[in-house]
Every structure is written in structure tokens, then in C-alpha cells.
Amino acid sequence: AADETLHGAINGAEILQAVMSSALAGLSKVKWIHDDIIVYGHSVAEHHNNLRECLQRLAQHGLTLNPAKCKLARTQVTFMGMRLSKDGVRPTESKLEAVNAFAEPTNVTEVRSFLGLVNYLAAFTPRLADLAKPLRNLTRKGQPWAWADLERQAFSDIKSQIASSGSLAFFNHRLPTQLIVDAGPAGLGAILSQTQSDGTRRPIAYASRTLSDVEQRYSQTEKEALAVKFGCLKFQF
1 AADETLHGAI NGAEILQAVM SSALAGLSKV KWIHDDIIVY GHSVAEHHNN LRECLQRLAQ
61 HGLTLNPAKC KLARTQVTFM GMRLSKDGVR PTESKLEAVN AFAEPTNVTE VRSFLGLVNY
121 LAAFTPRLAD LAKPLRNLTR KGQPWAWADL ERQAFSDIKS QIASSGSLAF FNHRLPTQLI
181 VDAGPAGLGA ILSQTQSDGT RRPIAYASRT LSDVEQRYSQ TEKEALAVKF GCLKFQF
């Protein structure tokens, strides 16, 4: 479909999205972003059945695949910059290496680039908002540039946190689910987790945000209530 739109057409992506949505509607174990498709299942037989249905739908809508780009029956795949396996989802090594290799910023533009890079991995990083606060302060309008021990420590802590991040479990609506929240002096944090069949509790995702100047003056009880609201809205709990 993408190859059949005029080169440079500004609505090509929207047309492709509409075509894909129509072709794959109702296939619960098929996900796609633009022209990248992933098909999954809880067993080999289920996977093969889901794949068959997906291919049939694509054929019915006149959509073709490039065999050289197809990867079939894999136990691990890379999709949207993430590594997916039966154990869960984690960042790809290239994403982790990009964070690890990022040199200390020397100006605001480089700070923004670093924050943009780590924000992509926010779901894997507890307390990211708190850790990043000294760096975010540097991006405020009119804030003079000052890279000192506080900023250097925040930069190092964020890199260490991301480097040590483990995999996140996939959400399973059949498992008991927990929402854990916390409120600190300058930020809110939330963890969505589930108790697995073996009794262990695994994180599904992390979330955090900084408190505004007004919110920082809230009482601790008000901050905790705000954290509950934040977690519920973030994870649609």
C-alpha cells in the first residue's frame, strides 16, 4: 500500500494506517505499526493459526509482503526498538548502548537530546522523573548553564539505572494486578505489577513525573493522593 501512494504524499501514512486497520481488524494476536507487523501466540499451534489468519487477511486486501524481511516462528523478535520474548519485553542492546555511550552534555541542546533518549525507556526506569530533575532544570527558559556535581551525578545515576533495568512482564488480564505509588518531595512514581503463576511479582511498567512548584507545597497526604490519581490515569487502572 505504501508503494502505491504518490512519492511525498503528505497523507500516505494515514492512508496506510486505514488500510492496515481494515485488513487486520479483529485479529487480537496481531499488532502493527505502519507496515511493521507482529503475530504472536501462547503456543506453536496458536501462533501458526494466528499467522495463517493474518496472511489470509493481507491476501484478501491485496497486500503483499517482502519475504526477505519476514521472520517466522521466532522465540525473540525486535519490534519498535524493543526486544520481545516469552520472558517479557526489554530495550534492545542498541538502545542501551546509545544511553551508555552518550557523553556528558556541554549545552542545553545536548541535555534535551539525552532526556529524549532516556524518556523512550521511561517504562523501564523507576524514579526517572526524580533522577532527571537537575537536568530538566537546565532546560528551563532563562536558566543559566551550569554543569556541576549535582547535574553530573544525575546524569550518571540515570545511565546506571537504565543499564541495570531488567525485562518487564507482559500484562495478563487473568493475573492479580497491583498498583504501587509513591510521592517524594519533587516527584511522583507508580509501578504496575502482577503476581505471576509461580507467586513472584513482576513489574509491567514504571511511570514517574515531577511535581510542579505549586504541587511541591502540598502536604504529604495530598501528594500521596495525587500519586494515586497519577498512577490510575497513567495505567488506566
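Numbering (UniProt numbering), first residue to last: 1 to 237. Each residue gets a CB set at the ideal place from its N, CA and C atoms; glycine is no exception. Bear in mind the structure is a predicted one, so any value in this text is a computation, not a measurement.
Grab the span of the beta strand (DSSP E) containing residue i for me, first residue to last.
i, result
"R57", "Careful: R57 lies outside any beta strand (DSSP E), inside the alpha helix (DSSP H) at V44 to Q60."
"F171", "Segment: none, F171 is in no beta strand (DSSP E) and carries neither H nor E."
"T210", "R201 to T210"
"V30", "V30 to I33"
"D36", "D36 to V39"
Using a threshold of 8 Å, state whether the C-beta atoms of residue i and residue j are closer than that.
i, j, result
"A207", "A154", "no"
"L175", "T200", "no"
"V111", "L135", "yes"
"V89", "L192", "no"
"K179", "A190", "Note that residue 179 is Leu in the sequence shown, not Lys. Yes; because the gap between Cβ atoms is below 8 Å, this pair is in contact."
"I204", "F171", "yes"
"K95", "T210", "no"
"I15", "F79", "no"
"S183", "A227", "The question names Ser, but residue 183 is Ala in the sequence shown. It is a contact, given that the beta carbons lie within the stated cut-off."
"F102", "L115", "no"
"N50", "K29", "yes"
"L188", "F230", "yes"
"E46", "L27", "no"
"R152", "E215", "no"
"T92", "M82", "yes"
How is the alpha helix (DSSP H) around residue i delimited, first residue to last?
i, result
"R112", "V108 to N119"
Beta-carbon within less than 8 Å of residue i's beta-carbon, same chain only, minus the 5 sequence neighbours each way: which residues are those?
i, result
"A23", "R57, L58, Q60, H61 and L63"
"N119", "L128"
"Q161", "T125, P126, R127, L128 and L131"
"D157", "L131"
"R17", "Reading the sequence as shown, one finds Gln at residue 17 and not Arg. Cβ neighbours of Q17 beyond the five flanking positions: H34."
Give the DSSP-derived three-state secondary structure of residue i in the structure shown.
i, result
"G231", "helix"
"S167", "coil"
"L192", "strand"
"V214", "coil"
"A225", "helix"
"A186", "coil"
"P16", "Before going on, a small fix: residue 16 reads as Leu here, not Pro. The answer is helix: DSSP assigns L16 an H, G or I state."
"A24", "In the sequence on display, residue 24 carries Leu and not Ala. In the structure shown, L24 sits in a helix (DSSP, three-state: H, G or I)."
"Q236", "coil"
Beta carbon of residue i: closer than 7 Å to some heavy atom of the ligand PLP?
i, result
"H173", "Within the structure as shown, the ligand PLP is missing, as the structure has no ligands at all."
Excluding five sequence neighbours on each side, which residues of the same chain lie with their C-beta closer than 7 Å to the C-beta of residue i?
i, result
"T139", "V108, V111 and R112"
"K159", "V99 and N100"
Considering only residues of the same chain and omitting the five flanking positions on each side of residue i, which have a CB-CB separation below 6 Å?
i, result
"L84", "V77"
"T177", "Q194"
Along the chain, which unbroken stretches of the beta strand (DSSP E) at least 3 residues long are found entirely within the region 79-164?
-> 82-85 and 88-91
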